[in-house]
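Chains A, B and C supply the protein sequences, listed in that same order.
Here numbering that gives the first Met the number 0 is used: the first residue of the first sequence is 0, the next is one more, and so on.
Here numbering that gives the first Met the number 0 is used: the first residue of the second sequence is 0, the next is one more, and so on.
Here numbering that gives the first Met the number 0 is used: the first residue of the third sequence is 0, the next is one more, and so on.
A virtual CB, placed ideally from N, CA and C, is assigned to each residue, including glycine.
Nothing here was measured: the structure is a model prediction, and the numbers come from that model.
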Amino acid sequence: MPVADASVILTPVLDWLDLVGVAVFALSGALIAARERQTFVTMGFFALMTGVGGGTVRDLLIDAPVFWVRHPWYAAVCISMAAIVWNTPTRWWQGKLFDYADGVGLAAYSVLGAAKAMSYGLPPISATIMGIITGTVGGTIRDVIAGRPSILMRPELYVTAAALSATLCSFGMWLFDPHGVSDWLVWAVAAFAGLVLRSAAIRYNLGLPAF
Amino acid sequence: MPVADASVILTPVLDWLDLVGVAVFALSGALIAARERQTFVTMGFFALMTGVGGGTVRDLLIDAPVFWVRHPWYAAVCISMAAIVWNTPTRWWQGKLFDYADGVGLAAYSVLGAAKAMSYGLPPISATIMGIITGTVGGTIRDVIAGRPSILMRPELYVTAAALSATLCSFGMWLFDPHGVSDWLVWAVAAFAGLVLRSAAIRYNLGLPAF
Amino acid sequence: MPVADASVILTPVLDWLDLVGVAVFALSGALIAARERQTFVTMGFFALMTGVGGGTVRDLLIDAPVFWVRHPWYAAVCISMAAIVWNTPTRWWQGKLFDYADGVGLAAYSVLGAAKAMSYGLPPISATIMGIITGTVGGTIRDVIAGRPSILMRPELYVTAAALSATLCSFGMWLFDPHGVSDWLVWAVAAFAGLVLRSAAIRYNLGLPAF
Chain A
0 MPVADASVIL TPVLDWLDLV GVAVFALSGA LIAARERQTF VTMGFFALMT
50 GVGGGTVRDL LIDAPVFWVR HPWYAAVCIS MAAIVWNTPT RWWQGKLFDY
100 ADGVGLAAYS VLGAAKAMSY GLPPISATIM GIITGTVGGT IRDVIAGRPS
150 ILMRPELYVT AAALSATLCS FGMWLFDPHG VSDWLVWAVA AFAGLVLRSA
200 AIRYNLGLPA F
Chain B
0 MPVADASVIL TPVLDWLDLV GVAVFALSGA LIAARERQTF VTMGFFALMT
50 GVGGGTVRDL LIDAPVFWVR HPWYAAVCIS MAAIVWNTPT RWWQGKLFDY
100 ADGVGLAAYS VLGAAKAMSY GLPPISATIM GIITGTVGGT IRDVIAGRPS
150 ILMRPELYVT AAALSATLCS FGMWLFDPHG VSDWLVWAVA AFAGLVLRSA
200 AIRYNLGLPA F
Chain C
0 MPVADASVIL TPVLDWLDLV GVAVFALSGA LIAARERQTF VTMGFFALMT
50 GVGGGTVRDL LIDAPVFWVR HPWYAAVCIS MAAIVWNTPT RWWQGKLFDY
100 ADGVGLAAYS VLGAAKAMSY GLPPISATIM GIITGTVGGT IRDVIAGRPS
150 ILMRPELYVT AAALSATLCS FGMWLFDPHG VSDWLVWAVA AFAGLVLRSA
200 AIRYNLGLPA F
């Protein structure tokens, strides 16, 4: 069994982005379970699926060891988020503040997913797709299992924000790495751009032209 | 291609639990297809997805060879269950008897999944999650594809029974293996506890407090 | 990371079938996104999921490198199909012509999936299932995420046509390869049979007897 430790390949900054992404998405999964009046066990399972779902699909596709399986604290973070939701009123978590937090997770995860795929030697177009998958698939699984309209079908700029961050990260690393530009700079710009776009979409109800 | 034979790692008892789990879940998948008035081909595909779905996701996550792919009799069992459903009246399969049989499959599969994950060296919290996945994901795929409310969202003690069996199995093996306690004893206790909880839930309509 | 190049194992004919399958399925995914009035980004993601979904699940199950991840032109083909749909009226794509094209993709992909699985040494019954998965799972993912009734539940001969092509391919290769019969002949017969059955189902609204 190959057990490459992602923390060797990626830097502590990405590890931190990783934890932010997992925690925020786990929170959104637990909140859906709360809205559907589920039990604590189901809430924990939803938090886990939403928190680690996108990164899991990415790791399977790029043939990496699934990131959370051998590191117990990811599961612990997800279950902790479920415990927090269980013990607080849901109105604490409603409204735009949560949407912005979700936007931070989305941008962080899209950059992280694209960067990990680049570090596995994928071509930039595939790495971009891996970034989008990492950012959006956890929420898609959550919505499909809860029987809600999928995050992918929303008119707002959600997948597009993930696509912006992932594209800037993949093609930024591809273009600038040979010229000695720091990966940190590329990641920061990519995450910031996605977060700005997503925040603008939340604030001004922006959407792309639809078919 | 790594082809570790699970039957070398696990014991014949687990192999037997495995077949019980596959057969019962395949039956439940075929029954959903029957209720939806599908053809025999679709019924067979549903039986297969439900029968092997949970173990397949577990094997992908722990980086094991997918258990049924190189062993043709798993697929044969699933298609046979579809043939049985096709040739019998559905009322034979309705009512609580089938629910209890499904509970046996759930407990068996949750223990099997957790035990296999422990044998691959996962930490107990991840092995517990693998047990829950093995027990519940096949039915979740079945429900999502049939467009039914997912098994995960039911108010009854279903995921919770899987979680009980998987937790007792993982942490039991982790605690007692170093002290020479037989795995058989741990597995038997874990499966029995999950089955008792699930049976009580069926018999007395028990549920966890919901949010 | 094992990176076996599928083009070494399979022949150029299969590569060509592969591209036809990806393009046709990507088109059907983009069309669903168009009907749901989605943005271009979502349309591209739908095209990709539908185009490569079935082959992705097959590759994960048989422990092959996922075919499109390291070859950027698959993603490029999918996004191109989305661009074509975006820039043309949907009525161009409605009606039976598209159904026949989809039938070509279905037969091509079912044969390709079964042949690839045979080349990885799977038993014929598993290779048949891999063919059915390759042909139908992309469309299933598309339908589930779009919240539509799944392709698997349609009364028409859809899964059955995939099953016919996949069965003829797997068992044909298993029976005739030792006797020196060309794989090309087996593949041609298998694809042709599935296409004829699917075309007859479209033309005459054929269906299997349902339960």
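Chain C beta carbons: is any one of them nearer than 8 Å to that of L207(A)?
-> Walking along the first sequence from the start, residue 207(A) turns up at place 208. L207(A) counts as touching chain C.
Outcome for D182(A) when other beta-carbon atoms lying within 10 angstroms are tallied against a minimum of 16 = Start at 1 with the first residue of the first sequence, and residue 182(A) comes out as number 183. The residue in question, D182(A), is buried, as its Cβ has 16 or more Cβ neighbours within 10 Å.
Beta carbon of G50(A), beta carbon of C77(A): below 8 Å?
-> Counting from 1 along the first sequence, the entry for residue 50(A) is found at position 51. Counting from 1 along the first sequence, the entry for residue 77(A) is found at position 78. Closer than 8 Å, so yes.
Hey, does E155(C) have any beta-carbon neighbour from chain A nearer than 8 Å?
-> Indexing the third sequence from 1 puts residue 155(C) at position 156. Taking Cβ atoms only, chain A never reaches closer than 8 Å to E155(C), which makes this a no.
Residue span of the alpha helix (DSSP H) that contains W72(C), given as start and end | Counted from its first residue, the third sequence places residue 72(C) at position 73. P71 to W85 is the span of the alpha helix (DSSP H), which, as asked, contains W72(C).
Local conformation of G206(C) per DSSP, three classes = Translated into positions along the third sequence, residue 206(C) becomes position 207. Of the three classes helix, strand and coil, the one that applies to G206(C) here is strand, per DSSP.
Any idea which residues DSSP pairs E155(C) with across the strands?
-> For the purposes of this step, residue 155(C) is taken as the residue at position 156 of the third sequence. Its beta-bridge partners are G206(C).
According to a CB-to-CB cut-off of less than 9 Å, which residues of the stretch 62-95 of chain B neighbour chain A?
-> D62 and A63
Quick one, which residues of the stretch 139-154 of chain C are near chain B if we go by CB-CB under 7 Å, in chain order?
-> T139, V143, P148, S149, L151 and M152
Close Cβ partners of L111(B) (< 7 Å) along its chain, the five nearest in sequence each way excluded = Residue 111(B) sits at position 112 when you count from the first residue of the second sequence. For L111(B), where only same-chain residues beyond five positions count, the Cβ hits under 7 Å are L13, L16, D17, G20 and T133.
Would the stretch 186-204 of chain C and the stretch 102-116 of chain C be scored as touching if the rule is three or more Cβ pairs under 8 Å?
-> yes
Does the separation of the CB atoms of A211(A) and I131(A) fall below 8 Å?
-> Past the boundaries of the shown model lies residue 211(A); chain A is included only from 0 to 210, so the question cannot be answered.
Cβ pair W85(C), M42(C) closer than 8 Å = Residue numbering aside, residue 85(C) sits at position 86 when the third sequence is read from its first letter. Residue numbering aside, residue 42(C) sits at position 43 when the third sequence is read from its first letter. Cβ atoms of W85(C) and M42(C): closer than 8 Å.
Tell me, to the nearest whole angstrom, how far the beta carbon of G171(A) is from that of V185(A); I am working on the premise that it is less than 8 Å.
-> The residue given as residue 171(A) occupies position 172 in the first sequence. The residue given as residue 185(A) occupies position 186 in the first sequence. With 8 Å as the limit, G171(A) and V185(A) qualify as a contact, their Cβ atoms being about 4 Å apart.
Check whether the Cβ of T49(A) lies closer than 8 Å to any Cβ atom in chain B.
-> If you number the first sequence from 1, residue 49(A) lands on position 50. Not closer than 8 Å to any Cβ of chain B, the Cβ of T49(A) fails to qualify, so no.
Using CA coordinates, which residue listed in D62(C), I61(C) and A32(C) is at the minimum distance from M48(C)?
-> Stepping through the third sequence from its first residue, residue 48(C) is reached at position 49. Considering only alpha carbons, the answer is A32(C).
Looking only at C-alpha atoms, which of D142(A), G120(A), S118(A) and V180(A) sits nearest to A25(A)?
-> Counting from one through the first sequence, the residue named residue 25(A) turns up at place 26. Ranking the options by Cα distance to A25(A), first place goes to D142(A).
Chain A residues whose Cβ lies nearer than 7 Å to that of V40(C) | Counted from its first residue, the third sequence places residue 40(C) at position 41. Under the 7 Å cutoff, chain A gives V158, T159, A162 and L207.
Through-space distance from L59(C) to A3(C), alpha-carbon basis | Position 4 of the third sequence holds residue 3(C). Position 60 of the third sequence holds residue 59(C). Below a pLDDT of 50, predicted positions are generally treated as unreliable, and A3(C), at 42, falls in that range; the measurement from the model is reported next regardless. In a straight line, the C-alpha of A3(C) is about 14 Å away from that of L59(C).
Reduced DSSP secondary structure (H/G/I, E/B, other) of W67(C) | For the purposes of this step, residue 67(C) is taken as residue 68 along the third sequence, with counting starting at 1. If DSSP states are grouped into helix, strand and coil, W67(C) belongs with coil.
Would you kindly work out how many angstroms separate the C-alpha atoms of A29(B) and F97(B), rounded to a whole number?
-> To locate residue 29(B), count along the second sequence from 1; it is residue 30. To locate residue 97(B), count along the second sequence from 1; it is residue 98. Answer to the nearest angstrom: the Cα atoms are 13 Å apart.
Taking only beta-carbon positions, decide if I131(C) is within less than 8 Å of chain B.
-> Looking up residue 131(C) in the third sequence gives position 132. With 8 Å as the cut-off, I131(C) counts as an interface residue toward chain B.
What first and last residue would you give for the alpha helix (DSSP H) that runs through D58(B)?
-> Here residue 58(B) refers to the residue found at position 59 of the second sequence. Counting along the chain, the alpha helix (DSSP H) containing D58(B) begins and ends at F39 to L60.
Apart from the five residues on each side of it in sequence, which residues of its chain come closer than 8 Å, Cβ to Cβ, to I144(B)?
-> Against the second sequence, residue 144(B) aligns to sequence position 145. Contacts found: F45 and M48.
Quick one: list the residues of chain B neighbouring F210(A), beta-carbon separation under 9 Å, in chain order.
-> Within the first sequence, numbered from 1, the residue matching residue 210(A) stands at position 211. The premise fails here: F210(A) is roughly 25 Å from chain B at the closest Cβ pair, so nothing lies under 9 Å.
Using a cut-off of 7 Å between C-beta atoms, extract the partners of A192(A) located in chain B.
-> Along the first sequence, one-based indexing puts residue 192(A) at 193. Residues of chain B passing the Cβ test: none, with the nearest at roughly 32 Å.
Pick helix, strand or coil for R90(C), following the three-state DSSP scheme.
-> Position 91 of the third sequence, counted from the start, is the residue given in the question as residue 90(C). If DSSP states are grouped into helix, strand and coil, R90(C) belongs with the helices.
Using a Cβ-Cβ cut-off of 8 Å (strictly less than) and excluding sequence neighbours within five positions of M129(C), which residues of its own chain qualify?
-> Here residue 129(C) refers to the residue found at position 130 of the third sequence. The residues are R57, L60, I61, G112, A113, K115, A116, L121 and A165.
With C-beta atoms as the reference, is G53(B) less than 8 Å away from T127(B)?
-> The count along the second sequence starts at 1 and reaches residue 53(B) at position 54. The count along the second sequence starts at 1 and reaches residue 127(B) at position 128. No.
Identify each residue in the stretch 18-37 of chain C for which the Cβ-Cβ distance to at least one residue of chain A is less than 8 Å, and report them in chain order.
-> A32, A33, E35, R36 and Q37
With DSSP as the reference, label S149(C) as helix, strand or coil.
-> Position 150 of the third sequence, counted from the first residue, corresponds to residue 149(C). Residue state, collapsed to three classes: coil.
If you draw a straight line from the C-alpha of D101(A) to the C-alpha of C168(C), how long is it?
-> Taking the first sequence and counting its residues from 1, one reaches residue 101(A) at position 102. Taking the third sequence and counting its residues from 1, one reaches residue 168(C) at position 169. One C-alpha to the other measures close to 47 Å.
Report all residues from its chain with a CB closer than 6 Å to the CB of M0(A); omit the five preceding and five following residues, and keep chain order.
-> The residue you call residue 0(A) lines up with position 1 of the first sequence. Low per-residue confidence applies at M0(A): pLDDT is 33, beneath 50, and the placement is therefore not dependable, though the value from the model is reported in the following sentence. Contacts found: none.
Identify the contact partners of I124(B) in chain A, using a Cβ-Cβ distance below 8 Å as the criterion.
-> Reading the second sequence from its first residue, position 125 is the one you call residue 124(B). Per Cβ cutoff of 8 Å: P71, A74 and A75.
How big is the Cα-Cα spacing for V40(C) and M80(C)?
-> As a working mapping, residue 40(C) is identified with position 41 in the third sequence. As a working mapping, residue 80(C) is identified with position 81 in the third sequence. Each residue's Cα considered, the two are about 12 Å apart.
Comparing the C-beta of P128(B) with each C-beta of chain A, is any distance below 8 Å?
-> Sequence index remark: in the second sequence, residue 128(B) carries index 129 (1-based). In the sequence under discussion, the amino acid at residue 128(B) is Ile, which differs from the Pro named in the question. Yes, I128(B) counts as interfacial toward chain A.
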